[in-house]
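Quick note on numbering that gives the first Met the number 0: the sequence shown kicks off at 0 and runs consecutively.
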Amino acid sequence: MSNNMTVENLDDALQVKMSAADQYQLHAHVLDHRGLNSPTGKMRGERAEKTGHSDLFMERILLLKGAPDLAFAISPKCGEARADVFRVDLANDEAVELEIRAARLACEANDVGSHMFFEKIAIDEACRKAWSALQLEPTERIGEQACSAKMVSVRQDEAASASRRSQVR
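So this is what it looks like as structure tokens:
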């Protein structure tokens, strides 16, 4: 495999990461807006991780004398229900297969740096995929409404306002 093929694989992965970062940002805001704040911190962390991966992909592409292609692989989709949000994220997490294939090809080409890079990110993605699947479990077990009720958290400023309003009455 040539540097050109490695750069193509890096570009493909870069586009997936950029799409995923926007997807996590969208879903964090959607869940927050619906009052389902519990998973939004994790989603914002995932967005930051994907942005970090994108930076690393760009650096590696430039190191191999390529030009990063800053396109999006997948347009973000807004999940309607809590479970839909995690189903969309889980489908996007299938990108782990891309990293595994690219790691194998880089290894075959004796590109140790790219191989290690893809392998590390594949491991990160496998963990993320497991988390998304875990988020769907309670919904399937107890239903969307009951699960959503457990995920609602009242923000401190909202709780303080509610407390003041009840004292005024």
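Glycine residues also receive a C-beta, built at the ideal position from the N, C-alpha and C atoms.
8 angstroms CB neighbourhood of residue i in its chain, flanking five on each side removed
i, result
"M0", "With a pLDDT of 49 at M0, under the threshold of 50, the modelled position of that residue is not reliable, and the figure given next carries that caveat. Excluding sequence neighbours, M0 sits near L104, A105, E107, A108 and D110."
"V29", "C77, G78 and V84"
"K41", "W130"
"D11", "A72, L97 and A101"
"E143", "A80, R81 and A82"
"V151", "G34, L35, N36 and S37"
Whole-number beta carbon distance between residue j and residue i, since they are thought to touch under 8 angstroms
i, j, result
"L9", "R59", "6 angstroms"
"L35", "R86", "With 8 angstroms as the limit, L35 and R86 do not qualify as a contact, their Cβ atoms being about 15 angstroms apart."
"L121", "A102", "Checking the sequence, you will find Ala at residue 121 rather than Leu. That belief holds up - the Cβ atoms of A121 and A102 are roughly 6 angstroms apart, short of 8 angstroms."
"G51", "V6", "About 20 angstroms separates the two Cβ atoms, so there is no contact after all."
"D123", "Q22", "No, D123 and Q22 are not in contact; Cβ-Cβ is about 16 angstroms, not under 8 angstroms."
"L13", "M57", "6 angstroms"
Sequence-distant residues of its chain with Cβ nearer than 6 angstroms to residue i (five each side left out)
i, result
"T39", "A27, L30 and D31"
"Q155", "In this prediction, Q155 scores a pLDDT of 48, lower than 50, which makes its location untrustworthy; the coordinate-derived value is nonetheless stated afterwards. Result list for Q155: empty, nothing under 6 angstroms."
"C146", "P137 and T138"
"K149", "none"
"K49", "K16, A19 and A20"
"D68", "D10"
Sequence-distant residues of the same chain with beta carbon closer than 7 angstroms to residue i, five excluded per side
i, result
"I99", "A121"
"L63", "N2, T5 and V6"
"S53", "L13, K16, M17 and A20"
Neighbour flag for residue i against chain B, beta carbons, 8 angstroms
i, result
"F71", "Of the protein chains in the structure, only one exists, and it is not chain B."
Practice problem: Could you say if the segment 72–83 and the segment 116–124 meet the contact criterion of at least three C-beta pairs nearer than 8 angstroms? | Solution: Contact fails: fewer than three Cβ-Cβ distances are below 8 angstroms.
Quiz prompt | the segment 15–23 touching the segment 129–146, judged by at least three CB pairs closer than 8 angstroms | solution = Contact between the segment 15–23 and the segment 129–146 is absent, because fewer than three Cβ pairs lie under 8 angstroms.
Practice problem: For the segment 30–97, list the beta strand (DSSP E) runs that are entirely contained and at least 3 residues long, ordered along the chain. | Solution: The DSSP assignment places no complete beta strand (DSSP E) segment of no fewer than 3 residues inside the segment 30–97.
Practice problem: For the segment 103–140, list the alpha helix (DSSP H) runs that are entirely contained and at least 4 residues long, ordered along the chain. | Solution: As far as the segment 103–140 is concerned, it has no whole alpha helix (DSSP H) run of at least 4 residues.
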